[in-house]
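Undergrad: This is the structure I want to talk about, given as structure tokens.
Protein chains: 2
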Amino acid sequence: MIDVARRANVALSTVSYAINGTRAISAPTRRRIQKAMEELGYEPNAIARGLVSKRTRIIALLFPTPERGMGVTEMEFVTGAAEAALERDHHLVLWPTELRNLRQLDRLTGQGLVDGAVVMEVRLDDERVDLLRQAGLPFSMIGRTSEPGSINYADIDFEQGARDAVAHLTALGHRSIGFLNHSPSAFTVGYGPTVRAADGFRRAAMDAGVEHFERLCGDNVAAGRAAFHELRAMALNLTALVVMNDHAIVGVMDALDEIGWRVPDDFSLVSIGSSTRVSEMMRPRLTTLEPQSSELGRLGVHMLIDELEFRGAEPPAPTQVLLPCRLVEGRSSGPVRQH
Amino acid sequence: MIDVARRANVALSTVSYAINGTRAISAPTRRRIQKAMEELGYEPNAIARGLVSKRTRIIALLFPTPERGMGVTEMEFVTGAAEAALERDHHLVLWPTELRNLRQLDRLTGQGLVDGAVVMEVRLDDERVDLLRQAGLPFSMIGRTSEPGSINYADIDFEQGARDAVAHLTALGHRSIGFLNHSPSAFTVGYGPTVRAADGFRRAAMDAGVEHFERLCGDNVAAGRAAFHELRAMALNLTALVVMNDHAIVGVMDALDEIGWRVPDDFSLVSIGSSTRVSEMMRPRLTTLEPQSSELGRLGVHMLIDELEFRGAEPPAPTQVLLPCRLVEGRSSGPVRQH
DNA sequence: TTGTAGGCGTTATCAC
DNA sequence: GTGATAACGCCTACAA
Numbered sequence: 001m002i003d004v005a006r007r008a009n010v011a012l013s014t015v016s017y018a019i020n021g022t023r024a025i026s027a028p029t030r031r032r033i034q035k036a037m038e039e040l041g042y043e044p045n046a047i048a049r050g051l052v053s054k055r056t057r058i059i060a061l062l063f064p065t066p067e068r069g070m071g072v073t074e075m076e077f078v079t080g081a082a083e084a085a086l087e088r089d090h091h092l093v094l095w096p097t098e099l100r101n102l103r104q105l106d107r108l109t110g111q112g113l114v115d116g117a118v119v120m121e122v123r124l125d126d127e128r129v130d131l132l133r134q135a136g137l138p139f140s141m142i143g144r145t146s147e148p149g150s151i152n153y154a155d156i157d158f159e160q161g162a163r164d165a166v167a168h169l170t171a172l173g174h175r176s177i178g179f180l181n182h183s184p185s186a187f188t189v190g191y192g193p194t195v196r197a198a199d200g201f202r203r204a205a206m207d208a209g210v211e212h213f214e215r216l217c218g219d220n221v222a223a224g225r226a227a228f229h230e231l232r233a234m235a236l237n238l239t240a241l242v243v244m245n246d247h248a249i250v251g252v253m254d255a256l257d258e259i260g261w262r263v264p265d266d267f268s269l270v271s272i273g274s275s276t277r278v279s280e281m282m283r284p285r286l287t288t289l290e291p292q293s294s295e296l297g298r299l300g301v302h303m304l305i306d307e308l309e310f311r312g313a314e315p316p317a318p319t320q321v322l323l324p325c326r327l328v329e330g331r332s333s334g335p336v337r338q339h
Numbered sequence: 001m002i003d004v005a006r007r008a009n010v011a012l013s014t015v016s017y018a019i020n021g022t023r024a025i026s027a028p029t030r031r032r033i034q035k036a037m038e039e040l041g042y043e044p045n046a047i048a049r050g051l052v053s054k055r056t057r058i059i060a061l062l063f064p065t066p067e068r069g070m071g072v073t074e075m076e077f078v079t080g081a082a083e084a085a086l087e088r089d090h091h092l093v094l095w096p097t098e099l100r101n102l103r104q105l106d107r108l109t110g111q112g113l114v115d116g117a118v119v120m121e122v123r124l125d126d127e128r129v130d131l132l133r134q135a136g137l138p139f140s141m142i143g144r145t146s147e148p149g150s151i152n153y154a155d156i157d158f159e160q161g162a163r164d165a166v167a168h169l170t171a172l173g174h175r176s177i178g179f180l181n182h183s184p185s186a187f188t189v190g191y192g193p194t195v196r197a198a199d200g201f202r203r204a205a206m207d208a209g210v211e212h213f214e215r216l217c218g219d220n221v222a223a224g225r226a227a228f229h230e231l232r233a234m235a236l237n238l239t240a241l242v243v244m245n246d247h248a249i250v251g252v253m254d255a256l257d258e259i260g261w262r263v264p265d266d267f268s269l270v271s272i273g274s275s276t277r278v279s280e281m282m283r284p285r286l287t288t289l290e291p292q293s294s295e296l297g298r299l300g301v302h303m304l305i306d307e308l309e310f311r312g313a314e315p316p317a318p319t320q321v322l323l324p325c326r327l328v329e330g331r332s333s334g335p336v337r338q339h
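Respectively, the protein sequence lines represent chains C and D. Its first residue numbered 1, the first sequence is counted upward by one per residue in the numbering used here. Its first residue numbered 1, the second sequence is counted upward by one per residue in the numbering used here.
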């Protein structure tokens, strides 16, 4: 910076003001400085800036390290978040957090490295949220706790998604519909989508006055296959299934093959939460209520940065957004079979 | 830090030495300091540390923002990298880079924010590599250029993977095998896996003395379907296909359905590069040569940090690793049909 | 082991 | 509009 100042014949501080736009600088001076910076290939040092300004322009993306690894949806989400951060001239650092070892979060808040955090996969009751609030670190949530209060969040509206799935099927004439959900463990840990989608399904089915059945199901092919057979044994008129479980749905299709039923002629399937990339890989291509993951990631980041930039002024009203799922019709759903 | 020193009854500098282990500290003193830190909930400020030590312990993960978004493999990779960084007490910042706008890289190197970079999806001829080398920023590559020189890299051995796929099929009696590759554009931009897998396939087929056919194919279902029909028209004895294209393989299965051929009874399929999570979603479950993506991500990070920690000492020999693919047998490949 | 001082590259608070 | 200069929180000599 000293070199730039010398070369532009101005004081060190003038260079700083020119860079930050903190103070009015005459056009010619600004031009000289600009030129000197380019000639010297000067880039302001982000660390030194952060030290004095207390704003590192780094935000953390908190994600739980899952046993099974993440899917396409999560990847789109992360990509969206990274792009949004770049657009707003921030950096995004990945912060894997084992849910059993939450002390990793102390380092996040204590080190002064990040200005805030975006918390992924928020549960209905989430300790991370409490810790962050205690520590006073600004954050936004992807998903939401059961009592979000005035915390910014963006979430996928799986409840409405489930309703849309039911509506899609009833419009096709189906009058007995099942719902295959995520694993029981997802339910017990309070994974929001699992709980809320189940609610949406139940209400929509009741409102429509159709027969309905629900079942939790392990996230794997074998469990899906078994679940279908069991469901069919108790629901003799079943003609369609709403499934929020990418792996189980494969098992369902296997089971349908076994009893000689064809999709969608004899039985309809609608997936909730599958991304297009995944539903295209299934045969037949799945009808799905696709979450807007990338948009969700972008939103989470923007909400956080908005809040960071508002600090000091009066607190803006919390931004709380539910993104609808998009119905993408594949070839797995069709008119109910006429006996 | 002053507070910690006071509380532990030692000098400020002693606390610093204790934290960094730069100098011998007697056990009792160290314990007192430790205790004081915990009681005060003290965490050294990462930014201040970075400013003076010139080591931020932040590394960048450079990934190209693709049009189509990333898949499961990439996600596993990123997760592996993040975990490895955490283990080595580093932070990983995501750095999306549009390949047409490489000036984004100047900021990476100039800002002094990161100590080094892991470059994903390296091409045979990659400008990013040249830029980083010019800028003098330490980095490791995932994938490799055609002339890696002494740069650290870890790559998946798709050439061997293709050979293994051929070996698997010839062992099952197949004597006329096709290879469906990625899109022509992947070939022209010099995407390593595309080029190297094609080489491996060709050589293995020639060594085994079997009839073989190759084809590039767009990354979508329709292209896969069309490609299969064309391939079959020119290769009348074809009984098996090696496919390195997750979307095209679905189209191939559609095409097989159309002509009434069953997998694996009438025709065998082997995928290269599909992760287990994806191959499990196909019906029948795919036989695949699965890349060890998570391991790859871990390796890339470890290589980079190793180099960073060695700085100053004599340069260690470059670490250059090829990770083999793992053959995971599904139900898409079987003995050749007997006429 | 101690205390102190100089510096890391900025920003912000003063004067002018 | 511009210039000097004290922080920011830490690390590393240095002499004791």
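Positions of the beta carbon are idealized from the N, C-alpha and C atoms, including for glycine. Because the structure is a prediction, the values reported are computed rather than measured.
By the criterion of Cβ-Cβ separation under 8 Å, what are the contact partners of residue 88 of chain C in chain D?
TA: Taking the first sequence and counting its residues from 1, one reaches residue 88 of chain C at position 88. Simply none; closest approach about 13 Å.
Undergrad: Considering only their Cβ atoms, is the gap separating residue 181 of chain C from residue 137 of chain C smaller than 8 Å?
TA: Residue numbering aside, residue 137 of chain C sits at position 137 when the first sequence is read from its first letter. Residue numbering aside, residue 181 of chain C sits at position 181 when the first sequence is read from its first letter. No; because the gap between Cβ atoms is not below 8 Å, this pair is not in contact.
Undergrad: For a cutoff of 8 Å on Cβ pairs, would you count residue 283 of chain C as touching chain D?
TA: If you number the first sequence from 1, residue 283 of chain C lands on position 283. Yes, its Cβ sits closer than 8 Å to a Cβ of chain D.
Undergrad: Could you name the residues that DSSP lists as bridge partners for residue 211 of chain C?
TA: Numbered from 1 along the first sequence, position 211 holds the residue referred to as residue 211 of chain C. Residue 211 of chain C pairs with C/176.
Undergrad: Give the straight-line distance between the Cα atoms of residue 150 of chain D and residue 319 of chain D, rounded to the nearest whole angstrom.
TA: Along the second sequence, read from residue 1 onward, the residue named residue 150 of chain D stands at position 150. Along the second sequence, read from residue 1 onward, the residue named residue 319 of chain D stands at position 319. Near 8 Å, if we compare the C-alpha coordinates of residue 319 of chain D and residue 150 of chain D.
Undergrad: Measure from the alpha carbon of residue 253 of chain D to the alpha carbon of each residue in D/27, D/236, D/222, then state which is nearest.
TA: Here the question's residue 253 of chain D lines up with position 253 in the second sequence. For the residues D/27, D/236, D/222, the minimum Cα distance to residue 253 of chain D belongs to D/222.
Undergrad: Examine chain D for any beta-carbon lying closer than 8 Å to the beta-carbon of residue 47 of chain C, and answer yes or no.
TA: If you number the first sequence from 1, residue 47 of chain C lands on position 47. Answer yes: the Cβ-Cβ gap between residue 47 of chain C and chain D drops below 8 Å somewhere.
Undergrad: Mind reading off the beta-carbon distance from residue 279 of chain D to residue 172 of chain D? Whole number of angstroms is fine, and I expect it under 8 Å.
TA: Within the second sequence, the letter at position 279 stands for residue 279 of chain D. Within the second sequence, the letter at position 172 stands for residue 172 of chain D. No, residue 279 of chain D and residue 172 of chain D are not in contact; Cβ-Cβ is about 18 Å, not under 8 Å.
Undergrad: Would you report the Cα separation of residue 300 of chain C and residue 310 of chain C, rounded to the nearest angstrom?
TA: Against the first sequence, residue 300 of chain C aligns to sequence position 300. Against the first sequence, residue 310 of chain C aligns to sequence position 310. So the two alpha carbons sit approximately 16 Å from each other.
Undergrad: If we cut at 8 Å on Cβ distances, does residue 182 of chain D have a partner in chain C?
TA: Taking the second sequence and counting its residues from 1, one reaches residue 182 of chain D at position 182. Output row for residue 182 of chain D: interface = no.
Undergrad: Excluding five sequence neighbours on each side, which residues of the same chain lie with their C-beta closer than 7 Å to the C-beta of residue 261 of chain C?
TA: Your numbering for residue 261 of chain C matches position 261 in the first sequence. The answer, listed in chain order, is 267.
Undergrad: Report back the beta-carbon spacing between residue 158 of chain D and residue 197 of chain D to the nearest angstrom; my notes put them in contact at under 8 Å.
TA: In the second sequence, the residue the question calls residue 158 of chain D occupies position 158. In the second sequence, the residue the question calls residue 197 of chain D occupies position 197. Correct: roughly 4 Å between the Cβ atoms.
Undergrad: Can you tell me whether residue 130 of chain C is buried or exposed, with buried defined as 16 or more other CB within 10 angstroms of its CB?
TA: Against the first sequence, residue 130 of chain C aligns to sequence position 130. Label assigned to residue 130 of chain C: exposed.
Undergrad: One question on the structure: do residue 166 of chain C and residue 177 of chain C come within less than 8 Å of each other, judged by their Cβ atoms?
TA: As a first step, residue 166 of chain C is located in the first sequence; it is residue number 166 there, counting from the start. As a first step, residue 177 of chain C is located in the first sequence; it is residue number 177 there, counting from the start. The answer is yes: Cβ separation under 8 Å.
Undergrad: State yes or no: is the beta carbon of residue 82 of chain C nearer than 8 Å to at least one beta carbon in chain D?
TA: For the purposes of this step, residue 82 of chain C is identified with residue 82 of the first sequence, where counting begins at 1. Cβ-Cβ to chain D under 8 Å: yes for residue 82 of chain C.
Undergrad: Going along chain D, which residues have a C-beta under 7 Å from residue 168 of chain C?
TA: Locating residue 168 of chain C in the first sequence gives position 168, where the first residue counts as 1. Those do not exist, as residue 168 of chain C stays about 22 Å from chain D at its closest Cβ, beyond 7 Å.
Undergrad: Going by CA-CA distance only, name the one from C/115, C/307, C/133 that's closest to residue 316 of chain C.
TA: As a first step, residue 316 of chain C must be located in the first sequence, where it is residue number 316. With distances taken between Cα atoms, residue 316 of chain C lies closest to C/307.
Undergrad: When you compare each of D/71, D/338, D/25, D/111 to residue 238 of chain D by their alpha carbons, which one comes out closest?
TA: Translated into positions along the second sequence, residue 238 of chain D becomes position 238. Considering only alpha carbons, the answer is D/338.
Undergrad: Check the Cβ of residue 100 of chain C against every Cβ in chain D and list those closer than 9 Å, keeping chain order.
TA: Taking the first residue of the first sequence as position 1, residue 100 of chain C is located at position 100. Neighbours of residue 100 of chain C on chain D: none; closest Cβ ~15 Å, over 9 Å.
Undergrad: Indicate the three-state DSSP secondary structure (helix, strand or coil) for residue 58 of chain D in the structure shown.
TA: By one-based count along the second sequence, residue 58 of chain D stands at place 58. It is a strand residue.
Undergrad: Taking 8 Å as the limit between beta carbons, can you name the residues of its chain near residue 35 of chain D, skipping five residues before and five after?
TA: To locate residue 35 of chain D, count along the second sequence from 1; it is residue 35. Counting only Cβ-Cβ distances below 8 Å, and skipping sequence neighbours, we find 8.
Undergrad: Closer than 7 Å between beta carbons: that is the criterion. Which residues of the stretch 302-331 of chain C meet it against chain D?
TA: Answer set for the stretch 302-331 of chain C: empty.
Undergrad: Can you check which of these residues, D/97, D/194, D/211, is closest to residue 120 of chain D by C-alpha distance?
TA: As a position in the second sequence, residue 120 of chain D is number 120, starting the count at 1. Among D/97, D/194, D/211, the Cα nearest to that of residue 120 of chain D belongs to D/97.
Undergrad: From the DSSP output, which residues share a beta bridge with residue 139 of chain D?
TA: Counting from one through the second sequence, the residue named residue 139 of chain D turns up at place 139. Beta-bridge pairing links residue 139 of chain D to D/117.
Undergrad: So, under 8 Å CB-CB, residue 201 of chain C and residue 162 of chain C are touching, yes? Tell me the CB distance rounded to an integer number of Å.
TA: Numbered from 1 along the first sequence, position 201 holds the residue referred to as residue 201 of chain C. Numbered from 1 along the first sequence, position 162 holds the residue referred to as residue 162 of chain C. About 4 Å separates the two Cβ atoms, so the contact holds.
Undergrad: Below 8 Å on C-beta distance, what does residue 96 of chain D contact in chain C?
TA: Along the second sequence, one-based indexing puts residue 96 of chain D at 96. Correct list: 79, 82, 83, 86.
Undergrad: Can you tell me whether residue 134 of chain D is buried or exposed, with buried defined as 16 or more other CB within 10 angstroms of its CB?
TA: Position 134 of the second sequence, counting from 1, holds the residue named residue 134 of chain D. Residue 134 of chain D comes out exposed.
Undergrad: Output the residue ranges of the alpha helix (DSSP H) runs that lie fully inside the stretch 28-105 of chain C and measure 4 residues or longer, sorted by chain position.
TA: Segments of the alpha helix (DSSP H) lying fully in the stretch 28-105 of chain C: 46-53, 72-87.
Undergrad: Could you check which residue in C/95, C/111, C/154, C/160 has the C-alpha nearest to that of residue 128 of chain C?
TA: Here residue 128 of chain C is taken as the residue at index 128 of the first sequence, counted from 1. Of the listed residues, the one whose Cα sits closest to residue 128 of chain C is C/95.
Undergrad: Does the beta carbon of residue 111 of chain C come closer than 8 Å to any beta carbon on chain D?
TA: As a first step, residue 111 of chain C must be located in the first sequence, where it is residue number 111. So yes, residue 111 of chain C belongs to the interface.
Undergrad: If you measure beta-carbon to beta-carbon, which residues of the stretch 236-265 of chain C are closer than 9 Å to chain D?
TA: Within the stretch 236-265 of chain C, the residues whose Cβ lies closer than 9 Å to some Cβ of chain D are 246, 247, 249, 250, 253, 254, 257, listed in chain order.
Undergrad: Identify, in the order they occur along the chain, each residue of the same chain with its Cβ nearer than 8 Å to the Cβ of residue 16 of chain D, setting aside the five sequence neighbours on each side.
TA: Taking the first residue of the second sequence as position 1, residue 16 of chain D is located at position 16. Excluding positions up to five away in sequence, the list reads 1, 22.
Undergrad: Along the chain, where does the beta strand (DSSP E) containing residue 124 of chain D start, and where does it finish?
TA: Taking the second sequence and counting its residues from 1, one reaches residue 124 of chain D at position 124. Taken as a continuous stretch (DSSP letters only), residue 124 of chain D belongs to no beta strand (DSSP E), as it is neither H nor E.
Undergrad: For residue 194 of chain C, which residues in the same chain have their Cβ closer than 7 Å to its Cβ, ignoring the five residues on either side in sequence?
TA: Here residue 194 of chain C refers to the residue found at position 194 of the first sequence. Excluding residues within five positions, the ones whose Cβ falls inside 7 Å are 181, 182, 186, 187.
Undergrad: DSSP has residue 191 of chain C in a bridge; who is on the other side?
TA: Position 191 of the first sequence holds residue 191 of chain C. Paired residues: C/123.
Undergrad: Is the separation between the beta-carbon of residue 59 of chain D and that of residue 126 of chain D shorter than 8 Å?
TA: Your numbering for residue 59 of chain D matches position 59 in the second sequence. Your numbering for residue 126 of chain D matches position 126 in the second sequence. No, Cβ-Cβ distance for residue 59 of chain D and residue 126 of chain D is not below 8 Å.
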